[in-house]
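Q:
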Amino acid sequence: MTRGTELVVNGKRVRVDVAPQTPLLYVLRNDLALNGPKYGCGLGECGACAVLVGDRSVRACAVPISALGDRQVTTLEGLGSRDEPHPVQSAFIACDAAQCGYCLNGMIIATVALLRRVAHPDESQIREALRYHLCRCGTHLEILDAVRSVAAPPEGPASGHREER
Amino acid sequence: MTSQRERPVSSYLADHDSLTVTRLAAAGGEELFIAIGPDGRVRAFNGHVDLGTGIRTALAQIVAEELDVPFGSVEMVLGSTGAAPNQGATIASETIQVAAVPLRLAAATARAWLVARAAAAFGCAEADIVVSDGVARPGAEGNRFLSYGELIAGSRARLRIDPDTALKPVADYRVVGRAQPRVDIPDKATGAFSYVHDVRLPGMLHGRVVRPPYAGFDHGAHVGSSLVAVDEASVADVPGLVCVVTIGDFVGVVATREENAILAMQRLRVTWRDIPAIPDLNRPEDAIRGNPASPRKLLDRGDVDRALEGAGEIMQRSYVWPFQMHGSIGPSCAVADWRPDGLTVWSGTQNPFPMRGDLSRLMDMPEEMIVVERLEAAGCYGRNCADDVTADAALLSRAAGMPVRVQLTREQEHGWEPKGAGQVVDIRGGLDREGGPAAYAFETRYPSNLAPTLPLLLTGKIPPTASVVQMGDRTAVPPYAYGNMRVTVHDMPPVARASWFRGVSALPNSFAHESFIDELATAAGVDPIEYRLRYLHDPRAADLVRAVAERAKWKPHTGPFSHGGDGDILYGRGFAYALYVHGSFPGTAAAWSAWVADVAVNRKTGEIAVTRVVCGQDTGQVVNPDGVRHQIHGNVIQSTSRVLKEQVDFSSTAVESLEWGAYPILRFPEVPDVDVLMLPRPDDPPLGAGESASVPSAAAIANAIFDATGVRFRELPLSPERVRAALNPLPPPDVQEKPRSVRRRVAGPLAGAFAGALALGAAVLPWRSPIPPVERPAADVFSAATVERGRLAAALGACNVCHVGSDGTAFAGGRAFETDFGVIHAPNITPHPEAGIGAWSYPAFERAMRQGVRRDGGHLYPAHPYPSFAKAGEGDLQALYAYLMQQPASPRKAPDAELRFPFGIRPLMAAWNALYLSSSGAPRDTARGAAWNRGAELVEGLGHCSACHSDRNVLGAELKGDRHLGGGYADGWHAPALGALSAAPVGWTEDAFYDYLRKGRSDDHGPASGPMAHVVESLAPLPDADLRAMAIYLASLGGDAAAPTQVSPAGAIDAAKAAEPAARLGFPVGARIFEGACASCHDAGAPMASLALNSNLHADTPLNLIRTIMDGIPEPVGEREEVMAMPAFGASLSRPAIADLADYMRARFAPQRAAWSETASTVERLAAGAPARP
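Here it is in structure tokens:
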């Protein structure tokens, strides 16, 4: 409990004085007052707690803070704000891609990570990238619309799956 | 800090310069609906809450429309008991249909007052006043303006809702009926939104509950009275623990930090009585039929029995619906702040006012002293644990005297949420001579009630008796004009804890109605839609059915196989229609809904894909078209998931599906295309849209499968196993015959022989002589270089892995080791003169290291790997001695060993040594170079790899020859063979060994876990050159004999990919759990090395795999290329599920290896020591 651990979260270096095995999720939520990552299962199954470590989407419930070292952690808050949203956040807002919105954090983080890997993913790459993110409200179609809208190459949508709106 | 507190009604009423609209509450007092301030901003109040459906936006549209103000100037306050009107629970899709009615009248009342005020100000007639965007003018051409704020300024308008006030004609609508972006999503998408999970109060503590073992059952004499004892000492060392709370069967813990509250929850030792067994709910039909019931006849028309006698063939059909879960993605959470003079709770409840009553009862506190602040939570679809956890928080806050936040675990939410009840429906019917329905006798059984708030039951505040609530009647009366018809509901109490779930009993009832009429149509040789329309006399229903058929380009057909197939894939299309009726019988109708579902069925595997759904709905007037469309999408996807995949598993005492592997839901790749058709009905009243589109789902899909296959399915879910069994009644493809059990190591029966054989040895080889004590060497005796070398030697020997003190003090000893011979404790090896080795001279130390003899002459057990240390270099041992003598002395003495006879006779170890202690050093071979020889010394000497990686004989001695490093056991883990005997599919190269020792993982083999993870940590200080030397030596073991079973990494991964379909067929449960619980990290494209390469999957024993599944890997090891640990699943997955998962993983990832025979027994053995279930 006495050793401090340094973390880099949303571009800021912070020191927290907690046990090194503490899952990142609790540090983000309770010590740094970040609401983006959500507790969903604690088992890495649902994706509600996803954050970016570097460019990779990981499940904060399963990341002990001792493992992070100097890596950059980015949460939903670190992507953008209500006034200056990240393009992926803008797309989700424009498509009304949430019902209860509890899974929304993970969906946006996974999409950002996907787009950093693949600039213009196709339909099956999009669905696979979101495969291990659970949504119970059934917002999948709006979420897919949102991801397609930021994934499409400039000339048009990535696939013919767009639903008429 | 986020501590949202709504202003109370009295504060609004006390405002100057304001307009309020209220009504007198039934219970007295005033209920507030509208408050407008001098800035013109409108606050509107509703007792129903937003469960994620977007009613916050839709209600604001209604208010903005009726008041003629900009949409953005309206803010909704929903559900908080201090401010919002009591409109009961948010259920039954009735917010827009029912709860919005007084709100609309209130807005119209306010507008009328404002218009009158403007007319007076302008000196014109009220009829001439024109209002738009909250600004009034005297006539359309008038150029004088007064805003609402200006009209209100200077007055305190206290209005009552005027039920006769004129409402705006629909033709004038400009806000209602237009798509309106949801007001909450910008904040939700940027992390600025505060859910109830995000409430933070000054001084707030964190609580967790420990639920009783009867998870998911809330009645019976044992409920509330099964606790035997709580051992508070078991959590005494949890940092920041505030209190442990026990009331009846309610158990909770409070700590200053959340992760420590979790630790306390996991560690708290609680003893419960044995729980009585429940009927088998995995096959719910028998249990539901056996549940006591009283019949209630809803309708009896014509003469059913006589008509059936006249029917050609009586069709008697039964439909079975499984228990299902609401499955909130966010487990319920609440914060409570209890004080002697009042209680405030922040809650995600959908029933703020009813819950306040429950809290009053639970806390012995009048309702007036309780405020429920309602914040949004994860979607609940009927019911979750929101009320339970609010009550939990109230109890824990009272005990701690501070605000407490309680978060339920995933396992608790899965286990305890009131389930969507299983249901059984029987229909008797048949055709008359003209092919019409001769009669229709419908009986339904629905075991559910309102699910009382759990802590009331656990604390004994209310008795654990199950009430009967009449809820099985939703849409029990079919929509068709059957002339002879009887409809009976068998009202019954719950079996498992159950409550409303989207569509309630209407969903199973419609599954039966719509499947049966489809069957009648086929029997009559008529197209299923045409047949329905003959008996569907509600014109709006018929319009909808026709519109959906047209939109889907329905091709009339009179029998199955209308859509053909392609190889093993069969295509089909089905139709269903329903009008969802909610509320007490005869109930209120919500929106009309109809589905055309397209399916693809794999007739070999039984897998079903719903590829497309055309869903039509008549919602009456649509307030927010986008909102309704999204509700339809959500209903279609969620109900498709329920129909195809969902069923709660039960053990003999409790719910067993405690996470998403055991209870899978639809994923992105499985989501169908959905085409929504909304019938325009702007002039009809708005209808509930939250549930209707779920109701036709099951029958539409089952009817489509009939079209594809010619087989009718009448029980859900339509899992691959169920479908395959019906389509292709063959046993699953050959699963490799399980081999006979592998050799078990048996110590007991041979112990006597050991005693006899060595009794003689003990006499011949007596106690060794003590070596006199010395003063602990002074600090400056050893050079810094020597001490540093000793530090590395200690790291190589991983001394502190075994000798670490129970409190973490280095080398202080005390750790217990279970061996075949009994429990051995690692001694204190700090330089304490009595408790440790401070009085040991170097010769005494060296003798202990090389010969296993203590300074006092007593023998050590070979858990201390002195046969390996015998091979260590002299310089290393001296340096190690120097290093240990520099450590802080710990005065704690390790406990004595507890060995079974005859192993407790230490002198016998002398004979053992005579038999097994070799005097030869580490292997040397000058031809192989310096690095190899250095590696040999490190591996065989201080590194003592063979202590774990060689098996031992019945006397605990390492096996030699080709069994040396041929695989052994350590600390309850299997230590795999190194070198030629390795079972890994890809050979262990020098680089692989090096990566593994240096970084804790090898890309071709996976990560170090269990005791090996500690070894890798311990090796961290060693220079790269030493680890390289060890790798060179290890890679040389077994020489060229290594090759035969080994392939390239790509080859192993391809083999696993090819084996996946057969593995899935052989172990469907394991396959589902893998997909739900493991694949997020271990899927093909996922970051973790493919399990196809993991040695543990290829080992002869499932021990390590099962241990890893159950205990997880708490931290990534080595150089931390990976940041994710592996969660422990031992408390989340049932024992049979873990065994099936292990079997599936073996079949998929090590297809060339024989199946394991002892997965189930290994799981049982390990589970016996595993933490209690949540």
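So the protein lines, in turn, are chains A and B. Final position of the first sequence in the working numbering is 151; the numbers increase by one with none missing. Final position of the second sequence in the working numbering is 1238; the numbers increase by one with none missing. For each residue, glycine too, the CB sits at the ideal point set by N, CA and C.
1) Excluding sequence positions up to five away, which residues of its chain have a Cβ less than 7 Å from the Cβ of B/GLY985?
2) On a Cα-Cα basis, can you pick out the residue from B/ASP248, B/VAL234, B/ALA1206 and B/TYR212 that is closest to A/HIS85?
3) Can a CB atom of chain A be found closer than 9 Å to the CB of B/PRO813?
4) Please name the residue in B/MET1209, B/ASN666 and B/GLY680 whose C-alpha comes closest to that of B/ALA658.
5) I'd like the list of long-range same chain contacts for B/ARG469, defined as Cβ closer than 6 Å, with 5 residues on each side in sequence excluded.
6) Can you confirm whether the region 1152 to 1167 of chain B touches the region 1040 to 1049 of chain B when touching is taken to mean that 3 or more C-beta pairs between the two stretches lie within less than 8 Å?
7) Can you tell me which residues form a DSSP beta bridge with B/TRP336?
8) Taking only beta-carbon atoms, is A/GLU114 less than 9 Å away from chain B?
9) Between A/GLY33 and chain B, is the shortest Cβ-Cβ distance under 9 Å, so that the two count as touching?
10) Report the rounded CA-to-CA distance for B/GLY877 versus B/GLY1005, giving the unit in angstroms.
11) Near B/THR408, what residues of its chain come up, given a Cβ to Cβ distance below 6 Å and the 5 sequence neighbours on each side ignored?
12) Is the region 373 to 389 of chain B in contact with the region 477 to 490 of chain B, if contact means three or more CB pairs nearer than 8 Å?
13) Return the Cβ separation of B/VAL609 and B/ILE633 in integer angstroms, given the expectation that the two are a contact with Cβ distance under 8 Å.
14) Cα-Cα, which of B/SER75, B/TYR1060 and B/GLY999 is closest to B/ASP1090?
15) Nearest-angstrom Cα distance between B/ARG40 and B/SER1196?
16) By the three-class DSSP mapping on this structure, what secondary structure does B/GLU801 have?
17) Residues bridged to B/PRO359 by DSSP?
18) For chain A, check one thing: does any of its Cβ atoms lie closer than 9 Å to the Cβ of B/ALA699?
19) What does B/GLY391 reach in chain A if we use C-beta pairs closer than 8 Å?
20) Which chain B residues are close to A/ASN21, counting only those with a beta carbon under 9 Å from its beta carbon?
21) With B/ARG509 and B/ALA357 assumed to form a contact (beta carbons below 8 Å), what rounded beta-carbon distance in angstroms separates them?
22) In angstroms with no decimal places, state the Cα-to-Cα distance between B/LEU814 and B/ARG321.
23) Excluding the 5 residues flanking B/PRO908 on each side, which residues of the same chain have their C-beta closer than 7 Å to its C-beta?
24) Check whether the Cβ of A/THR97 lies closer than 9 Å to any Cβ atom in chain B.
25) How would you label B/VAL559, buried or exposed, when you count the other beta carbons within 10 angstroms and need 16 or more for buried?
26) Using the rule of at least 16 other Cβ atoms within 10 Å of the residue's Cβ for burial, across every protein chain shown, is B/THR335 buried or exposed?
27) One question on the structure: do B/VAL674 and B/GLU734 come within less than 9 Å of each other, judged by their Cβ atoms?
28) Candidates B/ALA606, B/GLY499 and B/ALA654: which alpha carbon is nearest B/GLY589's?
29) May I ask you to list, following chain order, the residues of the region 37 to 71 of chain A that have a beta carbon less than 8 Å from some beta carbon of chain B?
30) So, at 6 Å on beta carbons, what are the nonlocal neighbours of A/PRO50 in its own chain, with the 5 sequence-adjacent residues on each side left out?
31) Excluding the five sequence neighbours on either side, which residues of its own chain have a C-beta within less than 8 Å of the C-beta of B/GLY446, listed in chain order?
32) Let me check understanding here. Comparing Cα to Cα, which of B/ALA1231, B/ALA1143, B/ALA1123 and B/ALA1122 lies closest to B/LEU1167?
33) Beta-carbon within less than 6 Å of B/THR1223's beta-carbon, same chain only, minus the 5 sequence neighbours each way: which residues are those?
34) Taking the CB atoms as reference points, tell me whether B/LEU1002 and B/LEU860 lie closer together than 9 Å.
35) Can we say the region 293 to 310 of chain B touches the region 538 to 558 of chain B, given the rule of at least three CB pairs closer than 8 Å?
36) So, is B/VAL787 buried or exposed, given that buried needs 16 or more other C-beta atoms within 10 angstroms?
A: Short version:
1) LYS935
2) The question names His, but residue 85 of chain A in the sequence shown is Gln. The shortest C-alpha separation from A/GLN85 is found at B/ASP248.
3) Because the pLDDT of B/PRO813 is 35, which lies under 50, any placement of that residue in the model is unreliable, and the number read from its coordinates should be weighed accordingly. Chain A contact via Cβ: absent.
4) B/GLY680
5) MET268, HIS270 and VAL399
6) yes
7) B/LEU291
8) yes
9) yes
10) 22 Å
11) ASP401 and VAL435
12) yes
13) With 8 Å as the limit, B/VAL609 and B/ILE633 do not qualify as a contact, their Cβ atoms being about 29 Å apart.
14) B/GLY999
15) Past the boundaries of the shown model lies residue 40 of chain B; chain B is included only from 65 to 1238, so the question cannot be answered.
16) Residue confidence for B/GLU801 is low, a pLDDT of 39 falling below 50, so the modelled location carries little weight; the figure read from the coordinates is stated next. Looking at B/GLU801 - three-state DSSP - the assignment turns out to be coil, as it is neither helix nor strand.
17) B/HIS554
18) Here the sequence assigns Asn to residue 699 of chain B, which means Ala is not the residue at that position. Taking Cβ atoms only, chain A reaches closer than 9 Å to B/ASN699, which makes this a yes.
19) ARG122
20) THR66, GLY255, ALA256, PHE257, SER258, TYR259, HIS261 and ASP262
21) 6 Å
22) Only weak support exists for where B/LEU814 lies, its pLDDT of 36 falling under 50; the value from the coordinates is given anyway. Using only the alpha carbons, I get a separation of about 51 Å.
23) Position check: residue 908 of chain B holds Ala in this sequence, whereas Pro was assumed. Once the five neighbours on either side are set aside, the close Cβ partners of B/ALA908 are ILE835 and ARG919.
24) no
25) buried
26) exposed
27) yes
28) B/GLY499
29) VAL39, ARG42, VAL44, ARG45, CYS47, ALA48, VAL49, PRO50, SER52, ALA53, LEU54, GLY55, ARG57, THR61, LEU62, GLU63, LEU65, GLY66, SER67, ARG68 and PRO71
30) GLN7
31) ILE155, HIS390, GLY484, SER563, TRP564, PHE565, ARG566 and VAL568
32) B/ALA1231
33) PRO1166, ALA1203, ALA1206 and ASP1207
34) yes
35) no
36) buried
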